[in-house]
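Chemist: Okay, here's the structure, questions in a sec.
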């Protein structure tokens with residue numbers, strides 16, 4: 005499964021408050037481990053003003069810093085079995101995800117699992 009990011013990260017301006025919260029988010033989530041943290045708890049620990057958490061979490065997911073689980077909690081990608089990487093497509097339609105941050109070997113993704121991911125996109129791939 006590949007989850008492509010919605011908009012190019014490099015074209016997005018980020019407030020200083022959001023950038024600081026994003027840096028703190030990684031450390032906070034590491035402490036919670038694979039069970040993750042609820043958005044309410046994250047807002048408390050990151051000391052965010054009301055309404056800011058959604059922007060921080062959206063940016064965190066776009067930059068592969070954190071991933072939202074089906075139960076609403078948030079975790080680090082590696083703690084949820086995801087690998088963040090850049091996808092490269094082959095002539096036969098397969099994707100090859102090259103992990104960022106030394107997260108292991110490349111992952112080959114069949115064409116039907118690429119969904120809307122395009123060559124050069126930052127994606128999260130669920131390891132089996």
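Residue numbers (this note's numbering): 5 to 132. Even glycine gets a Cβ: it sits at the ideal position worked out from N, Cα and C.
1) Residue 102 and residue 85 look like a contact to me (Cβ under 8 Å); what is the Cβ gap, rounded to whole Å?
2) Excluding five sequence neighbours on each side, which residues of the same chain lie with their C-beta closer than 7 Å to the C-beta of residue 98?
3) Specify the secondary structure class of residue 14 as computed by DSSP and reduced to three states.
4) Just curious, the alpha helix (DSSP H) that residue 36 is in, first and last residue?
5) Looking at the secondary structure, which residues open and close the beta strand (DSSP E) in which residue 69 lies?
6) Quick check: the Cα distance between residue 60 and residue 96, rounded to an integer number of angstroms?
7) From the DSSP output, which residues share a beta bridge with residue 86?
8) Less than 8 Å between the C-beta atoms of residue 128 and residue 69, yes or no?
9) Quick check on the burial criterion: 16 or more other C-beta atoms within 10 angstroms. Buried or exposed for residue 40?
10) Using CA atoms only, rank isn't needed, just tell me which of 28, 27, 22 and 73 is closest to residue 54.
11) For the beta strand (DSSP E) containing residue 103, name the first residue and the last one.
12) Applying the 10 Å Cβ sphere with the 16-neighbour rule, what's the burial state of residue 74?
Modeler: A quick look at the data gives this:
1) The residue given as residue 102 occupies position 98 in the chain shown. The residue given as residue 85 occupies position 81 in the chain shown. Wrong, their Cβ atoms sit about 18 Å apart, outside the cutoff.
2) To locate residue 98, count along the chain shown from 1; it is residue 94. These residues qualify, in order along the chain: 112, 113, 114 and 115.
3) The residue you call residue 14 lines up with position 10 of the chain shown. Here the model assigns residue 14 a pLDDT of 48, short of 50, so the residue's position is not dependable, and the following value carries that caveat. Residue 14: helix per DSSP, three-state reduction.
4) The residue given as residue 36 occupies position 32 in the chain shown. 20-36 is the span of the alpha helix (DSSP H), which, as asked, contains residue 36.
5) Here residue 69 refers to the residue found at position 65 when the chain shown is read from its first residue. No beta strand (DSSP E) holds residue 69; DSSP gives it neither H nor E.
6) Within the chain shown, the letter at position 56 stands for residue 60. Within the chain shown, the letter at position 92 stands for residue 96. So the alpha carbons of these two residues sit roughly 37 Å apart.
7) As a position in the chain shown, residue 86 is number 82, starting the count at 1. DSSP output for residue 86 lists 130 as bridge partner(s).
8) As a position in the chain shown, residue 128 is number 124, starting the count at 1. As a position in the chain shown, residue 69 is number 65, starting the count at 1. No; because the gap between Cβ atoms is not below 8 Å, this pair is not in contact.
9) Numbered from its first residue, the chain shown carries residue 40 at position 36. Buried: at least 16 other Cβ atoms inside 10 Å.
10) By 1-based counting over the chain shown, the position of residue 54 is 50. That would be 22, whose Cα lies nearest to the Cα of residue 54.
11) Along the chain shown, one-based indexing puts residue 103 at 99. Per DSSP, residue 103 belongs to the beta strand (DSSP E) from 99-103.
12) Looking up residue 74 in the chain shown gives position 70. Per the 10 Å Cβ criterion, exposed.
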